[in-house]
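A.B. asks:
Residue numbers (the working numbering): 7 to 405.
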């Protein structure tokens with residue numbers, strides 16, 4: 007694109023920022039839904055997927071509107087060190103953690119009490135280069151009975167999603183079954199491969215994708231690049247998706263790497279900017295989030311404005327989590343953890359930054375139950391000049 011600059015991992019095309027439009031409250035709507043809104047009517051129009059209950063974290067803590075304007079973060083302990091290019095994180099039912107290595111294409115189990123690491127095995131077919139490799143991981147919604155791990159990875163030809171049986175009875179290094187590809191054809195590139203996957207409260211699988219450096223893919227509803235996808239656990243377009251027979255749930259994204267739901271099942275997503283604004287968005291099915299025609303707020307009535315934005319040197323966001331009435335957002339280039347307090351889908355107070363520069367680049371954050379979070383650093387991914395050096399998992403207490 008003539009006359010525009012490009013920065014990898016965490017920047018958008020420089021554009022003149024228009025006057026911000028008034029933000030409209032947007033809600034997660036899914037098919038076959040019954041009312042799940044606030045009885046007071048504050049969330050009229052929001053709905054809950056049929057057969058599910060609202061959830062905010064594995065501990066099931068209730069949703070809380072309008073948390074205090076100011077919060078705090080306390081590092082309780084270092085859970086594990088010596089990780090190699092960690093990317094995805096999946097808490098196991100018993101309290102341990104699974105972590106993926108982007109560059110080694112391995113999945114490792116971390117004992118959260120002792121810090122001991124056990125390699126489950128290597129995922130075959132991963133082509134790790136640039137920002138690609140073994141990225142997000144998630145547990146099946148039926149994990150207790152099927153023991154399936156889902157993974158998003160870059161192959162030689164595309165980005166794809168597979169599922170693998172985890173057999174703890176087998177020797178270390180051989181505990182992952184052969185991958186079953188459930189979804190393929192997501193555009194790959196040296197940059198902007200997306201990669202975050204998560205099962206929503208509706209038991210559907212959501213995936214954040216990137217436009218792989220080809221900005222035109224984001225506005226093409228027939229392309230899988232620059233989208234949030236929603237599919238069944240078998241990889242089929244989920245019932246009630248906004249576009250017929252399509253897994254596309256929202257479009258106009260640049261590079262989505264964070265997905266999280268609040269206690270009322272509203273979906274939030276973090277997105278890398280180019281050179282001006284990184285974004286936190288509330289995701290509305292079928293909505294257009296503007297890239298490459300808009301960056302940050304003020305894109306006009308055709309596009310959904312982000313609920314918060316940051317300069318790229320302050321954020322370059324990756325994973326997000328919801329806890330204590332806030333979205334918590336890990337920053338790569340920004341080397342900090344952002345607290346974004348919410349009142350429904352509105353940011354209720356100025357975001358706060360914590361841990362600035364203390365642990366280097368921050369990749370993934372996940373709920374650990376109640377007021378606790380898991381935080382994964384990203385200092386061995388070959389980017390920037392991080393101060394942390396090593397990669398580790400931290401346990402945090404937040405409010």
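A virtual CB, placed ideally from N, CA and C, is assigned to each residue, including glycine.
Out of curiosity, what's the CA-to-CA distance linking residue 135 and residue 74?
C.D. replies: If I take the Cα positions, the gap works out to 42 Å.
A.B. asks: Within this structure, are the beta carbons of residue 327 and residue 372 separated by less than 8 Å?
C.D. replies: Cβ distance < 8 Å, so residue 327 and residue 372 count as in contact.
A.B. asks: Could you name each continuous beta strand (DSSP E) segment of 3 residues or more that falls completely within the stretch 331-366, going from the start of the chain to the end?
C.D. replies: Counting whole runs of 3 or more residues, the stretch 331-366 contains the beta strand (DSSP E) stretches 332-337, 343-349, 358-360.
A.B. asks: Which two residues bound the contiguous beta strand (DSSP E) that contains residue 106?
C.D. replies: Its beta strand (DSSP E) spans residues 103-107.
A.B. asks: How many angstroms separate the CA atom of residue 238 from the CA atom of residue 213?
C.D. replies: C-alpha separation (whole angstroms): 11 Å.
A.B. asks: In or out: residue 201 buried (at least 16 other Cβ within 10 Å) or exposed?
C.D. replies: Classification for residue 201: buried.
A.B. asks: Taking buried to mean at least 16 other C-beta atoms within 10 Å of its own C-beta, is residue 258 buried or exposed?
C.D. replies: By the 10 Å Cβ count, residue 258 comes out buried.
A.B. asks: Just confirm the distance between the C-beta atoms of residue 90 and residue 138, as a whole number of angstroms; I'd bet it's less than 8 Å.
C.D. replies: Wrong, their Cβ atoms sit about 16 Å apart, outside the cutoff.
A.B. asks: Select from 405, 309, 82, 76 the residue whose C-alpha is nearest the C-alpha of residue 225.
C.D. replies: Measuring from the Cα of residue 225, the nearest candidate turns out to be 309.
A.B. asks: Relative to the alpha-carbon of residue 363, which residue among 86, 346, 342, 330 has its alpha-carbon at the smallest distance?
C.D. replies: Checked all of 86, 346, 342, 330; the closest Cα to residue 363 is 342.
A.B. asks: DSSP has residue 115 in a bridge; who is on the other side?
C.D. replies: BP columns for residue 115 point to 104, 124.
A.B. asks: Could you check the C-alpha separation between residue 311 and residue 241 for me, to the nearest Å?
C.D. replies: The straight-line gap from Cα to Cα measures roughly 29 Å.
A.B. asks: If we count the other Cβ atoms within 10 Å of its Cβ and call it buried at 16 or more, is residue 367 buried or exposed?
C.D. replies: By the neighbour-count rule (16 or more Cβ atoms within 10 Å), residue 367 is buried.
A.B. asks: I need the DSSP call for residue 174, collapsed to helix, strand or coil.
C.D. replies: Three-state result, residue 174: coil.
A.B. asks: Since residue 159 and residue 129 are thought to touch, with beta carbons under 8 Å apart, how far apart are those beta carbons, to the nearest angstrom?
C.D. replies: Confirmed, Cβ separation roughly 6 Å.
A.B. asks: Beta carbon of residue 321, beta carbon of residue 302: below 8 Å?
C.D. replies: No, they are not a contact pair.
A.B. asks: Report the residue from 231, 403, 361, 375 whose alpha carbon sits nearest the alpha carbon of residue 449.
C.D. replies: Look at the range of the chain in this structure, 7 to 405, and you will see that residue 449 is not part of it.
A.B. asks: For residue 402, I'd like the list of residues in its chain whose CB is within less than 7 Å of its CB, leaving aside the five on either flank, ordered along the chain.
C.D. replies: Closer than 7 Å at the Cβ level, and outside the excluded window around residue 402, lie 79, 80, 81, 82, 378, 379, 381.
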